[in-house]
Each structure stands twice: as C-alpha cells, then as structure tokens.
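The block underneath contains the structure these notes are about, expressed in structure tokens.
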Amino acid sequence: MSKHTPGPWSLKYPRNDNENGGSVRSVDGYQAKWIGTLRADTSEDDANARLIVAGPNLLAACQEAAEKLRADRDAFGISRPEQLLLNKLEAALAAVEGGGS
1028 MSKHTPGPWS LKYPRNDNEN GGSVRSVDGY QAKWIGTLRA DTSEDDANAR
1078 LIVAGPNLLA ACQEAAEKLR ADRDAFGISR PEQLLLNKLE AALAAVEGGG
1128 S
C-alpha cells in the first residue's frame, strides 16, 4: 500500500458563494498539496468533509492506542473489553492499509 499524504489536513471552501464544495489540502512546510474536492451542499456533506480532514489525526490516535494495548497485553495481560477494543482498532487499521473492512 502507498503511504497517505501526511497531515495535518485542512478544508478550504471557495471564496465565491456560488460554488459548492471545498478542497482538502495538506500543508508540508510552505507547499500546499491538493488531496481532493468535496461537495458541501448539506450539513451532512460538511460533516463528511470534516471527518476526512481528521483522518491523519484519527489514524495516529488509533495506532497509538493499539500499540499501548498490545504492550499492556504482552506485559501484564488485558481485560476482555480491552481485547475487544484492540480487535476493533486492529480491524480499522487493517482497513486503512487495504487489508480489511
């Protein structure tokens, strides 16, 4: 799998009120990279856009949480609810990497 564009990402809406949608961008130093264009006709579209923009931060948080749970499991053991949470995190991470849903 290819690596994703590093975050943070931001959502930029057009300056012209006659245009719908916005673009997701990544800023790496002084270089802005266009990632995609999104429609923003409804509040649901806007919520979807914010979720996409949060992707890199959500991915990092999931990776960190999974690493912590794995370390705790290997060192001390974890509870059943913690194992179920780790399973969900690992499934989500696998989906991001193209290996699951």
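Residues in the sequence shown are numbered from 1028 upward in steps of one, following the numbering used here.
The beta-carbon is built from N, C-alpha and C at its ideal position, and this holds for glycine as well.
I'd like the list of long-range same chain contacts for residue i, defined as Cβ closer than 8 Å, with 5 residues on each side in sequence excluded.
i	result
Asn1114	none
Asp1099	Ile1105 and Glu1109
Asn1084	Gly1034 and Pro1035
May I ask which residues mark the beginning and end of the alpha helix (DSSP H) holding residue i?
i	result
Asp1073	Ser1070 to Val1080
Arg1107	Arg1107 to Val1123
Does the beta-carbon of residue i have 16 or more other beta-carbons within 10 angstroms, so that it is buried, or is it exposed?
i	result
Asp1116	The sequence given here places Leu at residue 1116; Asp does not occur at that position. Buried, because 16 or more other Cβ atoms sit within 10 Å of the Cβ of Leu1116.
Val1054	exposed
At which residues does the beta strand (DSSP E) containing residue i begin and terminate?
i	result
Arg1052	Gly1049 to Asp1055
Lys1039	Trp1036 to Lys1039
Between residue i and residue j, which are expected to be in contact by the criterion C-beta below 8 Å, what is the C-beta distance as a whole number of angstroms?
i	j	result
Leu1120	Gln1090	7 Å
Leu1038	Arg1066	Between Arg1066 and Leu1038 the Cβ distance is about 12 Å, and since that is not below 8 Å, they are no contact.
Near residue i, what residues of its chain come up, given a Cβ to Cβ distance below 7 Å and the 5 sequence neighbours on each side ignored?
i	result
Lys1060	Thr1032, Arg1052 and Ser1053
Ala1074	none
With a CB to CB cut of under 6 Å and the five nearest residues on each side skipped, what residues in its chain are close to residue i?
i	result
Asp1072	Arg1066
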